[in-house]
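Numbering (this note's numbering), first residue to last: 331 to 654.
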């Protein structure tokens, strides 16, 4: 399970937690404009916008988990089991597989508005990447600096939802998640007002947040992350903005041992990412390395043809100060 957010200070930021029980050897991957994306049911993408994001590269193809293009449009795919449904080839539709969906949208669109237009004729085609790599059950959030949408392919078709809170997790479908916020409308960073008509003592700070979920379920992470993000206070500098972004994601990160997926296997936050979508700088941390690393899209030859991948720095020694 995972969490994705968009966030704005002076600049705009997009990123996510990847919560799984094992790694697919993901790396920060830059795709230049002239890299050829081979497509299964439509013409190949031979020239397109440059991308940066987290991907597993298999057979020379970047399987992006989340990415941002050079125009600032961002997209992430999150697990959506049970509700996700992909389709056989649909005549008259733009048939795009789930693993092609992020590259296709980010290669060809500059804004969410342009993505909406393409989505009107898209069908998510049910073909796996390979026999060894079956389709992941996904839904997606797409964001630019002005708005966010959620895209869910279900048995009754492709659903596109406005996302005014700029947060997405997993199940249930997004419209149910948004409705669930009604149950928490009274939460506040302020101390609660005593309405009992008898003297009461507020014995702790933070009691305006009583009832805020703290478990790791998708719905609870959605509620907590929305509350944290929308009440977050942050300065406009890059350091303040990026650090606050990771703090927001940290409010719903998963620690090893708390979410068992099978005997002896536990889901945890493998990495967290944050991309400054205007500068094209992709930052990340990993479970065993909280130091923030950054890679700049514009440090690369964006007119090239070859992928550039950066293995994650997953371990770093502590900086221990000594008086000796």
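Backbone N, C-alpha and C fix where the C-beta goes; we use that ideal spot for every residue, glycine too.
Nothing here was measured: the structure is a model prediction, and the numbers come from that model.
Put simply, of 637, 619 and 503 the residue whose alpha carbon is nearest the alpha carbon of residue 467 is 503. When rounded, the separation of the alpha-carbon atoms in residue 507 and residue 476 is 21 Å. Per DSSP, reduced to three states, the secondary structure at residue 343 is strand. Between residue 493 and residue 473, the gap from beta carbon to beta carbon is short of 9 Å. Sorting 511, 388, 382 and 554 by C-alpha distance to the C-alpha of residue 462 places 388 at the top. According to the DSSP assignment, residue 481 belongs to no alpha helix (DSSP H) but to the beta strand (DSSP E) extending over 478-484. Contact annotation: residue 601 and residue 588 have beta-carbon atoms that are not nearer than 9 Å. When the Cα atoms are used, residue 497 and residue 331 turn out to be separated by approximately 14 Å.
Across the set 445, 627 and 559, the C-alpha of 445 shows the shortest separation from the C-alpha of residue 403.
When only Cα atoms are considered, residue 427 and residue 499 end up about 21 Å apart. Selection 595, 578 and 522 evaluated against residue 603 yields 578 as nearest (Cα-Cα).
Nearest C-alpha to residue 447 among 383, 342, 435 and 366: 435. Under the 8 Å Cβ criterion, the region 633-640 counts as touching the region 360-367, having at least three qualifying pairs.
DSSP places residue 538 in the helix class (H, G or I) of the three-state scheme.
By the 16-neighbour rule on beta-carbons within 10 angstroms, residue 396 is buried. Sorting 424, 438, 411 and 425 by C-alpha distance to the C-alpha of residue 405 places 438 at the top. If you compare the alpha carbons of 642, 610, 618 and 649 with that of residue 341, the shortest gap goes to 610. Here residue 623 is bridged, per DSSP, to 614.
In this structure, the beta-carbon distance from residue 417 to residue 454 falls below 9 Å. For the options 648, 642, 650 and 400, the alpha carbon positioned closest to that of residue 385 is the one of 642. DSSP places residue 555 inside the alpha helix (DSSP H), whose first and last residues are 548-560. Rounded to whole angstroms, the Cβ separation of residue 370 and residue 457 is 5 Å, and the two are in contact under 8 Å. In the structure shown, residue 569 adopts helical secondary structure according to DSSP, grouped into three states.
Restricting attention to 336, 349 and 339, the CA atom closest to the CA of residue 548 is found in 349. Between residue 409 and the set 482, 338 and 400, the nearest pair of CA atoms involves 482. Assigned with DSSP and collapsed to three states, residue 433 falls in helix. DSSP, read as helix, strand or coil, puts residue 354 in coil. A residue is called buried once 16 or more other Cβ atoms fall within 10 Å of its Cβ, and residue 531, having fewer, is exposed.
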